[in-house]
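Data first, discussion second: the structure below is written as structure tokens.
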Amino acid sequence: ARNPKLAGKHKQELQEIVLSEISDLLNITGKPVFSHFRFWPKTIPQYEVGYDHILNQITEIEDLKKGLFIDGNFRGGVSVPDCILSGFETAEKVQTFLKGQ
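Heads up: the sequence shown begins at 1 in my numbering, then just goes up one per residue.
See the structure below:
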């Protein structure tokens, strides 16, 4: 959606762009041992109607099981930036929990 010109590129070219950007972002110099590429031609996958109920259940489980932290693209956003931010937020929660032990 932010760069519609990419939609017309071949799979190999898109994969090279993604790997280059990830390498720069994470300061990685080696080639990946394994990669899986999936192109979503229409958009980023969206949550289904009623998904807030599932998120509430996840939160309830975490509240019942102190020290259990559940995170992923199903929680906090499906885009890469959202997943990174959510990962940092969860790491801070884990750190706070461990300091209290």
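A virtual CB, placed ideally from N, CA and C, is assigned to each residue, including glycine.
| Asked | Found |
| --- | --- |
| Secondary structure of Gly72, DSSP reduced to three states | strand |
| Proximity winner among Thr96, Ile17, Asn73 and Phe97, relative to Gln46 (alpha-carbon distances) | Asn73 |
| Contact with chain D by His53, beta-carbon distance below 7 Å | Looking at the structure shown, chain D is missing, and only one protein chain is on hand. |
| Distance between Gly87 and Glu13 (C-alpha atoms, nearest Å) | 28 Å |
| Residue interval of the alpha helix (DSSP H) (run including His53) | Tyr51 to Leu64 |
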